[in-house]
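In this text, residue positions in the sequence shown follow numbering that gives the first Met the number 0: the first is 0, and each later residue adds one. Idealized CB from N, CA, C, for every residue including glycine.
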Amino acid sequence: MLSAQREIETGLREALRVKFDSTLPRFDVMSALDRYRDGLRMSELSAKLKVSNGNVTGIVERLAGEGLVERVAVDGDRRAMQVRLTPTGAERFAEMATAHEGWIDEQLSAFDSDELEQLIRLLERMGGENA
Numbered sequence: 000m001l002s003a004q005r006e007i008e009t010g011l012r013e014a015l016r017v018k019f020d021s022t023l024p025r026f027d028v029m030s031a032l033d034r035y036r037d038g039l040r041m042s043e044l045s046a047k048l049k050v051s052n053g054n055v056t057g058i059v060e061r062l063a064g065e066g067l068v069e070r071v072a073v074d075g076d077r078r079a080m081q082v083r084l085t086p087t088g089a090e091r092f093a094e095m096a097t098a099h100e101g102w103i104d105e106q107l108s109a110f111d112s113d114e115l116e117q118l119i120r121l122l123e124r125m126g127g128e129n130a
């Protein structure tokens, strides 16, 4: 299972690098922000991604420098910052997400729909979602 996961992830990392000059962690940050269009506090973002604030901070800094995300002050808490995609960032992420979906579809094309449904059910059971 780990070998399959590594193979898929390696393919995604390479495809993101080649097509978008990006990384999987940057994609993950943008994906989380795409799901929360009003933005997330940095602590919320790192919690959603299950990584440390330090890991997210560097990525957010670079994305902000490229105009893909913006940081805004949180009302009532001058120390807190909320991060959200800019319109340019949302557009860029939409392109990346479409390509990402295609790459996943390609990697899973050897399975028919029944096999994919079974795989999803088994992985959910392993993850405890339906246990």
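- According to DSSP, residue 69 shares a beta bridge with 83.
- In this structure, the CA atom of residue 61 is about 17 Å from the CA atom of residue 40.
- In this structure, residue 23 lies away from residue 32, with their beta-carbon atoms at least 8 Å apart.
- For residue 79, the closest of 7, 42 and 89 by C-alpha to C-alpha distance is 42.
- Assignment of residue 20 by DSSP, reduced to helix, strand and coil, places it in the coil class.
- Distance check between residue 68 and each of 37, 46, 105 and 101 places 37 closest, using alpha-carbon atoms only.
- Just measuring C-alpha positions, the residue of 35, 34, 120 and 28 sitting nearest residue 49 is 28.
- Cβ-Cβ distances below 6 Å link residue 92 to 29 and 33 in the same chain, with the five nearest sequence neighbours on each side left out; the list follows chain order.
- For the pair of segments examined, the stretch 92-111 was found not to touch the stretch 51-66: the number of CB pairs separated by less than 8 Å stays below three.
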